[in-house]
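Sequential numbering of the sequence shown, starting at 4, is according to our numbering.
Backbone N, C-alpha and C fix where the C-beta goes; we use that ideal spot for every residue, glycine too.
Structure first, then comments.
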Amino acid sequence: MILIDPTAIIDSHAELADDVSVGAFSVIGAEVKIDAGTVIGPHVVIKGPTSIGKDNRIYQFTSIGEDPQDKKYASEITRLEIGDRNTIREFTSMHRGTQQDNGVTKIGSDNLFMAYTHVAHDCIIGDNVIMANGASLAGHVHLNDHAILGGFTLVHQFTQIGQYSFAAMGSAITQDIPPFVMVGGKPTRPHGINSVGMERNNVSAEDIRLIRNAYKIIYKMNLRLEDAIEKMEELASDSKQLADMINFLRNVHRGILR
């Protein structure tokens with residue numbers, strides 16, 4: 004039995020698993036697919052094409068799958084894909100992709116989107132991410148696993164945020180943030196590595212030591228990025244974390260924040 008409040012409006016072309024709950028006055032449009040265990044609060048608007056996985060909790064007054072805020076958008080068919088076990092709090096907005104990219108905004112699993120957060124068109128978000136109240140992503144941002152954005156952090160379009168990175172409250176991020184790096188202040192600058200986040204997720208002490216040495220190479224030796232990468236490779240380690248950091252730096256889009 005679908006647990007739908009009688010005031011909710013569900014399009015006949017929406018697909019909801021049998022145990023999906025929909026609160027009062029919510030509107031779910033055509034081409035929306037919602038998997039088992041997901042709870043939709045009151046006054047939620049979900050527009051398709053959008054797919055939502057299992058066991059998500061979507062709170063009141065959120066807007067999911069709306070048209071992208073892009074003047075080039077001309078009603079093309081694009082998508083929003085949301086994984087499993089995400090918590091999406093009040094007044095969050097998540098928009099579909101555009102044909103100028105891959106046509107999809109994609110959100111992984113086990114993420115926390117606090118109140119008033121915004122995920123723009125064509126963003127790709129990994130797993131176990133936290134966006135605190137008021138944090139906002141412009142279009143085409145890639146936010147990798149275990150990254151944390153403090154309250155009211157703003158991220159410029161086409162920026163990449165590496166895994167386990169941490170942005171303090173009110174950060175303005177206009178260039179790529181390498182994995183494991185903490186940033187903050189006005190203007191926003193790097194402030195060491197997120198060793199606490201790594202420790203909490205069972206990254207070994209040796210891997211943390213290597214990342215700390217890599218941080219010094221990038222930020223303390225006044226090297227060009229290409230030379231910093233070469234020197235990091237000389238650390239001669241089989242560390243997956245170090246390899247991930249080097250691979251990220253080889254593929255930066257907008258330079259790195261220094």
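- Contact check for residue 157 and residue 168: beta-carbon distance about 15 Å, past the 8 Å limit, so the pair fails to qualify.
- Residue 41 holds the alpha-carbon nearest to the alpha-carbon of residue 20 among 41, 14 and 34.
- In the three-state scheme derived from DSSP, where H, G and I count as helix and E and B as strand, residue 66 is classed as strand.
- Residue 165 sits close to residue 180, with the two beta carbons spaced by under 9 Å.
- Taking residue 153 as the centre and dropping the five residues before and after it, the same chain places the C-beta of 135, 170, 171 and 172 closer than 6 Å to its C-beta, in chain order.
- If the five residues before and after residue 258 are omitted, its C-beta is found closer than 6 Å to the C-beta atoms of 178, all from its own chain and listed in chain order.
- By the beta-carbon neighbour count (other beta carbons within 10 angstroms, threshold 16), residue 9 is exposed.
- Taking 9 Å as the cut-off, the beta carbon of residue 14 is found no closer than this to the beta carbon of residue 39.
- Within the DSSP secondary-structure output, residue 121 pairs in a beta bridge with 96 and 139.
- Taking a C-beta distance under 9 Å as the contact criterion, residue 123 and residue 95 do not qualify as a contact pair.
- As a beta-bridge residue in DSSP terms, residue 43 pairs with 25 and 61.
- Assigned with DSSP and collapsed to three states, residue 175 falls in strand.
- Straight-line measurement puts the Cα of residue 243 at about 29 Å from the Cα of residue 142.
- In the pairwise beta carbon analysis, the segment 195-212 is classified as not touching the segment 223-232: fewer than three pairs are separated by under 8 Å.
- Looking at the backbone, the Cα of residue 130 and that of residue 114 are separated by about 6 Å.
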